Each structure stands twice: as structure tokens, then as C-alpha cells.
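Report on the structure given below.
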Amino acid sequence: MAPPVAKMKTIVIIMTCRDNEAQEGGRRSPCRTAGLAEAAHPRRHAGGAGGSRMGAESPARVNPTHRTGAHMEPSGIGAVFDRAGADFARLAPHLWDPIGQATVDAVGVRPGERVLDACCGAGGSAVPAAIATGAQGRVDAIDLAESLLAQGRERASAHGLAHLRFIHADATRWDAGPYDVAMCVLGVFMLPDMDAACARLAGAVRPGGRFAVTTWAGGALEDFGGALADAVREERGAQPASPASRGSVTRIDSESKLGAWLAGLGLGDVAVTRVPLELVVDEELAWLLVVGSGFRGMLDGLDERAVSRVQRTLLDALDERGISTLDATTLVGVGHRQDATAAS
Ligand SMILES: C[S@@+](CC[C@H](N)C(=O)[O-])C[C@H]1O[C@@H](n2cnc3c(N)ncnc32)[C@H](O)[C@@H]1O
């Protein structure tokens, strides 16, 4: 049974652009990132989106997987992200890297710590974690997509991070440890049994260590995901499959839900941080969000001409619906392993 919610701490952070400047080798990612056409000369915007307090739910808001069909098998998910390869890398400065850095900041990774990054992608969180641990620490970064792992290895090498290892492995089977920190950024809702997989990952942490989960806040990518699902359904005549489980995403898409879920895993002293991120999208960035992310799985099996039609339908719909900015707000939940937490 979950401990009382009153025992949880909730931290609500309203980030300004300066707060969210993700630093990696001197590169900065503002909290509101511009479309690709603007990226060479990014406009700066005052303030991020507002945070909401614990328990303040928005019932009308849904999540990025709404109106999608079945949840894919892990091998299919790995293949989707493998194919995303170069597009995933181009999307990274807009999406994956600022979210990864915000996660490492919320976790407070310290010098000398041993870190597990499950579902690591191309290193959006593993690289800043390894910078934070320094050479005295160690980061094991695991994923199913070999093309993303290869990118991660290149980044680790470019940063001289010999203590950061990118390993091809299934997060549901990884049994090394103990770690001071285990984290999973935008991946838990892809795991076939989110509760069992995360109980296991939390069990890889030493007593007193931290387990962190980053997930989409309710409403994030909602309008965009809806327009894409409509465009794909128009082409396929059926609900498209998704790497993310809709049920899993919605179970943890608010501060209170994520906090209670982490407490239910047996973690103590739970804190949830809201990380606002707004993307200004032009046509190029809009399509990159599809082909450089898990949304790409919705195109599986369509031939080139069908994909082009989906692209045109989506871009027209965004135009008609006046969607030029995307809410990509995430929640970072961090809990501490108590002695009783056991690996399953
Ligand atoms: C949305 S991406 C996020 C990647 C990275 N954490 C980031 O934020 O940049 C989700 C990642 O989870 C990986 N993934 C999904 N299921 C997995 C599993 N069972 N084991 C390992 N990785 C998995 C995918 O291959 C993909 O790289």
C-alpha cells in the first residue's frame, strides 16, 4: 500500500529561460526552443509556462499518446528508435538534451556517484550525469536502440568521459548494481510492465540512493499528438500503434500521480519537479518531432508516398488549428530507497 501522500514533498519550479540553460560543452538550450528555421538566430522569450500545484489536476488535458492504438513490443520499440537515429540527434538540442539536463539537475547527481541511466537514448541525461559524477564516478547507460547508443559513445568520447558506458540492454532485465542513482527519462511508459520494471530498477539502488523518473506532464504534446494521430488514421484507416503505453503515461502525468506512484514503489522522501518547455515549431521542426521521436512508430509499415501524405496532412492541420508552439512540459520525480525496498 502506498504511504500517505502527505509525506511527499512536491517542488514546483517555474523555469525562466535562464534557469533552463542546459550547459554541455558551453552549448545552451533555452527553455523555449525555436523552430529549425529560427534556430540559427533564436529569439529569447521571457519566462516559461506556469507550473501547477500538487493535486491541481486539469481533467480536460490528455497526453501525447491519446487517440493511438496498441502498445508495441520492446523489440519493435528498439527498432523504431534505431531508425530514428539521425533525426533523433537533430531533435536532441530542442527536446532530449534540455530535458536530460533538467533531470540530472533535479536528481542532484554528485561527484563520485554510480549512476544507472535506463532507456538512455543518445545520452541526453547520461552525458550531463557523467559530467556531474566526474571521473571518480561511473555511469552505465542502457538502451535497446544501437544507433542511439553509437551516438552516445561518440558524445562520451568527445567529452572525454571514459567512465560513461553505453550498453545495449533491456531495462527490464538489467541486474547490475548497486547504484547511488537510477534514472529513466521518458522511458518508463514504454516498458511492458511499468510497475514491475521500475520496482526492479529502484531495487538496483543502494539503501538511501535515489530513483528518478521523468515523464510527460498532462497536456504535453497533446494538440500535436492528436493532429498526428488523425493524419495517420486518415491514411491507415485504423488506430496507429505507439511505443508508449497510453495507460502508463496517464497514470503518472501530474505531480500528485507521479509522487504517489513513486511512493507506492516503496520510495521515501519523494519530490516532483515540473519542468516547463515550450517549442516554437516551424514545418521542419514539426516533422522532426515525428521522425526523431517515438511518434515515428506510428508511420511503421507505410510506404514513402503514404508517409509524404501523412506529413502534408499533419502540417496542414497544424496550420488550420493555429498550432505554432508545443508544450513539452515534463515532470521529474525523485524518491529515496528505504531499507525495505527490494529488487523483484
Ligand atoms: C523517448 S526515448 C528517450 C531517450 C532518452 N532517455 C532521452 O530522454 O533522450 C525512449 C528510449 O527508451 C528506449 N527503450 C524503450 N524500451 C526499452 C527497454 N525495455 N530497455 C531499454 N531501452 C528501452 C528506446 O529505445 C528509446 O531510446
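Once you know that position 58 of the sequence shown is 58 in the UniProt record's numbering, the rest is easy, because the numbers rise by one and skip nothing. The C-beta atom is built at its ideal place from N, Cα and C for all residues, glycine as well. All figures in this text were calculated on a predicted structure; none of them were measured in a lab.
Beyond the five residues adjoining it in sequence on each side, T215 comes within less than 6 Å, by CB distance, of I252 and L331 in the same chain, given in chain order. Distance from A158 to I142 at the Cβ level is roughly 20 Å; contact not present, criterion being Cβ atoms closer than 8 Å. Ligand 1 approaches G100 closely enough that one of its heavy atoms is under 7 Å from the residue's Cβ.
Secondary structure in the segment 92-127: the alpha helix (DSSP H) runs of 4 residues or longer, each lying completely within the stretch, are 96-107 in chain order.
Remark: C-beta atoms of H336 and L267 approach each other more closely than 8 Å. Taken in chain order, the whole beta strand (DSSP E) runs of length 3 or more contained in the segment 271-304 are 278-280. Counting other Cβ atoms within 10 Å of its Cβ, S245 reaches 16 or more and is therefore classed as buried. Per the DSSP secondary-structure output, S324 pairs with nothing in a beta bridge.
The DSSP-derived three-state label of T329 is coil. The Cβ neighbour count for I167, taken over all protein chains shown within 10 Å, is under 16; the residue is labelled exposed. Under DSSP, G268 takes part in a beta bridge, and its partners are H336. Here A204 really is in contact with G177; their C-beta atoms are around 4 Å apart, less than 8 Å. Under the three-state reduction of DSSP, D180 is assigned to strand. Beta-carbon to beta-carbon, P128 and G100 are separated by about 6 Å, close enough to satisfy the 8 Å threshold.
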